[in-house]
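Everything on this sheet refers to the single structure shown next.
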Amino acid sequence: MNDPRIQQLNRKHCVEGQYVLYWMQQSQRAEDNPALEYAIRTANKLGLPVVVAFGLTPDYPDANLRHYTFMLQGLRDVSRKLARRRIRFVVQHGNPPEVALKLGHNAAEIICDRGYLRHQRRWRSDMAGEAKCLVEQVECDAIVPVEVASNKRESSARTFRPKVFRLQHLFLDRPPTAKPKVSASGLSLNCLNLKDEDSVLGVPILDVSVKPVSFFKGGTHAAKARLSRFIRSRLRGYSENRNQPGLDYLSHMSPYLHFGQISPAYIVRKIRDSGKGTQKDRDSYLDELIVRRELAINFVHYADNYDRFDGLPEWAQSTLQQHRRDKRKKIYTLKELEDARTHDPYWNAAMNEMKSAGYMHNYMRMYWGKQILAWSLTPEIAFKTVLELNNKYFIDGRDPSSYANVGWIFGLHDRPWPKREIFGSVRSMTIGGLKRKANPDAYVKKVERLLRSQ
DNA sequence: ATCGGCTCGCGCAA
DNA sequence: TGCGCGAAGCCGAT
154 MNDPRIQQLN
164 RKHCVEGQYV
174 LYWMQQSQRA
184 EDNPALEYAI
194 RTANKLGLPV
204 VVAFGLTPDY
214 PDANLRHYTF
224 MLQGLRDVSR
234 KLARRRIRFV
244 VQHGNPPEVA
254 LKLGHNAAEI
264 ICDRGYLRHQ
274 RRWRSDMAGE
284 AKCLVEQVEC
294 DAIVPVEVAS
304 NKRESSARTF
314 RPKVFRLQHL
324 FLDRPPTAKP
334 KVSASGLSLN
344 CLNLKDEDSV
354 LGVPILDVSV
364 KPVSFFKGGT
374 HAAKARLSRF
384 IRSRLRGYSE
394 NRNQPGLDYL
404 SHMSPYLHFG
414 QISPAYIVRK
424 IRDSGKGTQK
434 DRDSYLDELI
444 VRRELAINFV
454 HYADNYDRFD
464 GLPEWAQSTL
474 QQHRRDKRKK
484 IYTLKELEDA
494 RTHDPYWNAA
504 MNEMKSAGYM
514 HNYMRMYWGK
524 QILAWSLTPE
534 IAFKTVLELN
544 NKYFIDGRDP
554 SSYANVGWIF
564 GLHDRPWPKR
574 EIFGSVRSMT
584 IGGLKRKANP
594 DAYVKKVERL
604 LRSQ
């Protein structure tokens, strides 16, 4: 049986080479990584060593020092873990597909992992087109490979849920580990010294406008520790409390998932087998991890314009257009928003949490975005503002989930609701609703504590 | 505190 | 063709 997670990206063959190359880019982890284990098995079959390579580009779209610092912490974990397994790891500065091609020049075969955003797809197809040897891609990011789950853009979680739920069981097992049979120690390959932060990140064009955060430490080790803590103390009551922004019923897995530092299948197994919380708690968490996360992947995969206003559903675009001239009570500039200087203390707290933690409580993300729609001159400007702030400050920004979450503010994967000013039939959220359903004053206190501790 | 109405497109049953 | 239903909506009536 062919594994649908493995795809050939070109029609070339294995060639004479010194090693099998695993070009690691999206899934930055040395365990629970199907591409890595597949590369080792392939190398063993060919009687060759395996080399793992990572291309570090200083101008990754929308990335700044906050993201790079988190990523570097994770790469150090990868480096340690691979060294313990006696697998060669090479990190080089450069455009990732070019790094892969350069190292791939001496490879018998290239294996890569999978990413869904426009540039990630282009990187892989460019590389596969130019490589002299066979290139195979292994799904390590989605649990159910995107085209196996559905062959089209899904309109909502309701239509996607049964499809992904039916198939997930086929893809949840831990990938069998393999031991490399041939050592790569004789190969002479340049590698950045990951311990030397200045030489790795001190590249002039790297955007240093946003500071690293202390709230999150990157890497597989930190991710697993955080997950255990969540399961131990916050899974029970999750379903009831997750929309209370003053509380901390969150797993905080999304930054780690964004960089591939933890495997989604690993999280599913841990939650499922934990015996903690009620069935409802576990189901509600897994619905977010599996259905919502993979619906976002479905969206960016099938909608070429996933990062634009015209990628929204027709009904949402037209209702927002019909209300584009509605009177706004307030209109804030990007600068005023970014400085958290609005009349709304709850909104300001959310903006401050975003800036200093690199994170925002899920419920507040919705409220925060809906208010930007209400306070912008046009829905298109609001869309740009929400996306820009999202990608600049969130460690988990620039992810398929970011684009789906931003879209949701403007009606994506949602249904119409009674017409209101500005929003039309897009779902609105108000300060009254926030006070009614949540305890925003507790949230403001939480953020104040966070700011003091910085 | 809880309930119904608001509104559109999808997928399924008929 | 009809019908039920949907990630966290709002508001006003009871």
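Using this note's numbering, the first residue of the first sequence is number 154, and each one after it goes up by one.
Heads up, the beta-carbon is just placed ideally off N, CA and C, and yes, glycines get one too.
Owing to the predicted nature of the structure, the values given are computational and were not obtained by experimental measurement.
Check whether I415 and R182 have beta carbons under 9 Å apart: Here residue 415 corresponds to residue number 262 of the first sequence, with the count starting at 1. Here residue 182 corresponds to residue number 29 of the first sequence, with the count starting at 1. Going by beta carbons, I415 and R182 fall inside the 9 Å limit.
Keeping to the same chain, check which residues put their C-beta closer than 8 Å to that of D463; ignore five residues upstream and five downstream. Numbered from its first residue, the first sequence carries residue 463 at position 310. Around D463: Q470.
For the stretch 470 to 542, which segments carrying the alpha helix (DSSP H) assignment without a break, of at least 4 residues, lie completely within its bounds, in sequence order? As far as the stretch 470 to 542 is concerned, its whole alpha helix (DSSP H) runs of at least 4 residues are 487 to 491, 498 to 510 and 515 to 527.
Buried versus exposed call for C286 [16 or more other C-beta atoms within 10 Å across all chains shown]: Here the question's residue 286 lines up with position 133 in the first sequence. It counts as buried.
Cβ of E292 within 9 Å of Cβ of R267? Here residue 292 corresponds to residue number 139 of the first sequence, with the count starting at 1. Here residue 267 corresponds to residue number 114 of the first sequence, with the count starting at 1. Result yes, Cβ atoms of E292 and R267 sit closer than 9 Å.
For I159 and E289, believed in contact at Cβ under 8 Å, the rounded distance: Counting from one through the first sequence, the residue named residue 289 turns up at place 136. Counting from one through the first sequence, the residue named residue 159 turns up at place 6. Between I159 and E289 the Cβ distance is about 6 Å, and since that is below 8 Å, they are a contact.
Strand pairing of Q160, partner residues [DSSP]: If you number the first sequence from 1, residue 160 lands on position 7. Assignment of beta-bridge partners to Q160 by DSSP yields Q290.
Looking at C-alpha atoms only, which residue of G170, N163 and H322 is the closest neighbour of V204? Taking the first sequence and counting its residues from 1, the one referred to as residue 204 is at position 51. Nearest C-alpha to V204: G170.
Is the separation between the beta-carbon of A260 and that of Y391 shorter than 9 Å? For the purposes of this step, residue 260 is taken as residue 107 along the first sequence, with counting starting at 1. For the purposes of this step, residue 391 is taken as residue 238 along the first sequence, with counting starting at 1. Not in contact: A260 and Y391 (Cβ atoms no closer than 9 Å).
Under 8 Å: do the stretch 340 to 347 and the stretch 443 to 452 share three or more Cβ pairs, one atom per stretch? Because the criterion of three Cβ pairs below 8 Å is not met, the stretch 340 to 347 and the stretch 443 to 452 do not touch.
Determine, using beta-carbon pairs with one atom in the stretch 510 to 522 and one in the stretch 586 to 605, whether at least three such pairs fall under 8 Å. Taking one beta carbon from each stretch, the stretch 510 to 522 and the stretch 586 to 605 have 3 or more pairs nearer than 8 Å; the two touch.
Can you tell me where the alpha helix (DSSP H) with L209 in it begins and where it stops? Counting from 1 along the first sequence, the entry for residue 209 is found at position 56. Note, L209: premise wrong, no alpha helix (DSSP H); beta strand (DSSP E) at V203 to L209.
Relative to the C-alpha of A375, which residue among L487, P328, M224 and K537 is closest? Reading the first sequence from its first residue, position 222 is the one you call residue 375. When L487, P328, M224 and K537 are compared, the shortest CA-CA separation from A375 is found for M224.
I need the DSSP call for A557, collapsed to helix, strand or coil. For the purposes of this step, residue 557 is taken as the residue at position 404 of the first sequence. Here A557 carries a helix assignment [DSSP, helix/strand/coil].
Starting from L174, trace the beta strand (DSSP E) in both directions and tell me its first and last residue. Counted from its first residue, the first sequence places residue 174 at position 21. Note, L174: beta strand (DSSP E), Y172 to W176.
Have a look at V356 and P211 and give me their C-alpha separation to the nearest angstrom. Indexing the first sequence from 1 puts residue 356 at position 203. Indexing the first sequence from 1 puts residue 211 at position 58. In this structure, the alpha-carbon of V356 lies about 7 Å from that of P211.
Is it true that the CB of Y556 sits closer than 9 Å to the CB of R219? Looking up residue 219 in the first sequence gives position 66. Looking up residue 556 in the first sequence gives position 403. By the CB criterion at 9 Å, R219 and Y556 fall outside the cutoff.
Mind checking H166: buried by the 16 CB within 10 Å criterion, or exposed? As a working note, residue 166 is residue 13 in the first sequence. The residue is exposed, with fewer than 16 neighbouring Cβ atoms inside 10 Å.
Could you name the residues of the same chain whose beta carbon sits closer than 7 Å to that of R477, not counting the 5 residues immediately before and after it, in chain order? Residue mapping note: residue 477 aligns to position 324 of the first sequence, counting from 1. Once the five neighbours on either side are set aside, the close Cβ partners of R477 are T531 and P532.
Give the single residue among S232, E251, P250 and P249 whose Cα lies nearest to the Cα of F242. Taking the first residue of the first sequence as position 1, residue 242 is located at position 89. It is S232.
Put H411 into one of helix, strand or coil per three-state DSSP. For the purposes of this step, residue 411 is taken as the residue at position 258 of the first sequence. In the three-state scheme derived from DSSP, where H, G and I count as helix and E and B as strand, H411 is classed as helix.
Let me check understanding here. Comparing Cα to Cα, which of T312, F318, R237 and L388 lies closest to S336? For the purposes of this step, residue 336 is identified with residue 183 of the first sequence, where counting begins at 1. For S336, the nearest C-alpha among the options comes from R237.
What's the call for I193, buried or exposed, on a 16-neighbour Cβ count within 10 Å? For the purposes of this step, residue 193 is taken as the residue at position 40 of the first sequence. Flag for I193 reads buried.
In the structure shown, what three-state DSSP assignment does A378 receive? In the first sequence, counting from the first residue as 1, residue 378 sits at position 225. Residue state, collapsed to three classes: helix.
Can we say the stretch 503 to 519 touches the stretch 590 to 602, given the rule of at least three CB pairs closer than 8 Å? Judged by pairs of C-beta atoms under 8 Å, the stretch 503 to 519 touches the stretch 590 to 602, as three or more such pairs exist.
Would G413 be called buried (16 or more neighbouring beta carbons within 10 Å of its own) or exposed? For this step, residue 413 is matched to residue 260 along the first sequence. Buried, since its Cβ has 16 or more Cβ neighbours within 10 Å.
Measure from the alpha carbon of A527 to the alpha carbon of each residue in D230, D294, Q226 and W500, then state which is nearest. As a working note, residue 527 is residue 374 in the first sequence. Residue W500 holds the alpha-carbon nearest to the alpha-carbon of A527 among D230, D294, Q226 and W500.
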